[in-house]
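Asks: Sharing a structure here in structure tokens format.
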Amino acid sequence: LFPDISEVSKSSFKFCEDLMEKKRVAIVPGAAFGPHGEGHVRIPLVKPIEVLEEAAKRIEDYVKTLKA
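Quick note: the sequence shown uses our numbering, first residue 1, plus one each step.
Here you go:
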């Protein structure tokens with residue numbers, strides 16, 4: 001997955017850093033893939049579904065705090 005986060009963060013690196021610090025979820029900044037990747041994040045789907053579901057909940061909770 002390569003979702004657009006530009007509505008909630010200007011920096012994909014900052015978004016990923018804060019997500020790791022606050023919600024303990026590791027994803028990859030889109031900017032790591034070049035300048036056209038900025039504003040996105042890479043979410044690898046390589047863990048069991050239960051782990052991915054929990055990560056999705058944590059990401060959703062984090063994004064809600066940014067929109068508040």
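Quick reminder that beta carbons are idealized off the backbone N, C-alpha and C, glycines included.
Quick one: is Gly30 buried, meaning 16 or more other Cβ sit within 10 Å of its Cβ, or exposed?
Replies: The residue in question, Gly30, is buried, as its Cβ has 16 or more Cβ neighbours within 10 Å.
Asks: So the alpha helix (DSSP H) Glu38 belongs to, where does it begin and stop?
Replies: From DSSP, Glu38 is part of no alpha helix (DSSP H); its letter is neither H nor E.
Asks: Where does the unbroken alpha helix (DSSP H) through Lys23 begin, and where does it stop?
Replies: Unbroken alpha helix (DSSP H) run through Lys23: Ser12 to Lys23.
Asks: Using only the alpha-carbon positions, how far apart do Pro44 and Ala26 sit?
Replies: About 10 Å.
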